[in-house]
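Enquirer: So the number in this note's numbering is just where the residue sits in the sequence shown, counting from 1, plus 3.
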Amino acid sequence: YLYEVMVFTGGKEEASTTSKVQFILTGERSETDVRTFADPERLLFKRNAIDIFVMTVPECLGNIQFLRIWHDNSGKDSEASWYLRYIVFRDVQTGQKFEFIANCWFAVEHDDFQIDRLIAVAGEAQKTEFKHLFDTRSHKNLYDGHLWFSVFARPARS
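#1: Around the C-beta of Y4, are 16 or more other C-beta atoms found within 10 angstroms, so that it is buried, or is it exposed?
#2: Can you list, in chain order, the residues of its chain with a C-beta nearer than 6 Å to that of F11? Leave out the 5 residues immediately preceding and following it.
#3: For A102, is the classification buried or exposed, using 16 other Cβ atoms within 10 angstroms of its Cβ as the cut-off for buried?
#4: Can you give me the C-alpha to C-alpha distance between V60 and R93, rounded to a whole angstrom?
#5: Among the residues of its own chain, which have a CB less than 6 Å from the CB of A83, if the five just before and after it don't count?
#6: Less than 8 Å between C-beta atoms, sequence neighbours within five positions excluded: which residues of the same chain meet that for G65?
#7: Applying the 10 Å Cβ sphere with the 16-neighbour rule, what's the burial state of A123?
#8: Leaving out five residues before and five after K49 in sequence, what residues of the same chain have Cβ atoms less than 6 Å from its Cβ?
#9: So R45 is in the beta strand (DSSP E); what residue range does that whole segment cover?
#10: In whole angstroms, what is the alpha-carbon distance linking D80 and E17?
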């Protein structure tokens, strides 16, 4: 069973990380083992980047409810911490999307000093909050609507 995973790293100064990021995804029917985001071909979780992965599981997890996500704080200096905007899991078979809106630091030196979080799937109210809509639309419009800016600021996979 396949899920597409899209990870949106924030645009704040020092938002990127080289720490090892792991997660467990919990659905109505089942949950995954500990999964590690990795790609030997490119650097992951760069500032303002969107990283896309494919996750396989033996069977459908059902309606996804929670995401536990953390990192090991192993990055060098300012690349230990990470600012996560949000993550989208898309069921490839049905097209159903599950959003997890974080908009927070995973850092021992920022905000609440946490590097491990349990995030509930976003409800309609959370997905339509002004801040989330403004961030996602302005980011998309800035990168897609301005040709020269999008050429120089494009993600590594583009």
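Glycine residues also receive a C-beta, built at the ideal position from the N, C-alpha and C atoms.
Expert: Straight from the coordinates:
#1: For this step, residue 4 is matched to residue 1 along the sequence shown. Exposed: under 16 other Cβ atoms inside 10 Å.
#2: Against the sequence shown, residue 11 aligns to sequence position 8. If we look at F11 and ignore the five residues flanking it on each side, its Cβ neighbours are I53, R88, Y89.
#3: Counted from its first residue, the sequence shown places residue 102 at position 99. It should be pointed out that residue 102 corresponds to Glu in this sequence rather than to Ala. Counting Cβ neighbours within 10 Å, E102 comes out buried, since at least 16 surround it.
#4: The count along the sequence shown starts at 1 and reaches residue 60 at position 57. The count along the sequence shown starts at 1 and reaches residue 93 at position 90. Approximately 13 Å, taken between the alpha carbons.
#5: Your numbering for residue 83 matches position 80 in the sequence shown. These residues qualify, in order along the chain: S22, N76.
#6: Position 62 of the sequence shown, counting from 1, holds the residue named residue 65. Answer for G65: G30, E31, R32, S33, listed in chain order.
#7: The count along the sequence shown starts at 1 and reaches residue 123 at position 120. So A123 ends up on the exposed side.
#8: Locating residue 49 in the sequence shown gives position 46, where the first residue counts as 1. The answer, listed in chain order, is S19.
#9: Mapped onto the sequence shown, residue 45 falls at position 42. Unbroken run through R45: none, as it is neither H nor E.
#10: Translated into positions along the sequence shown, residue 80 becomes position 77. Translated into positions along the sequence shown, residue 17 becomes position 14. Roughly 10 Å separates the two Cα atoms.
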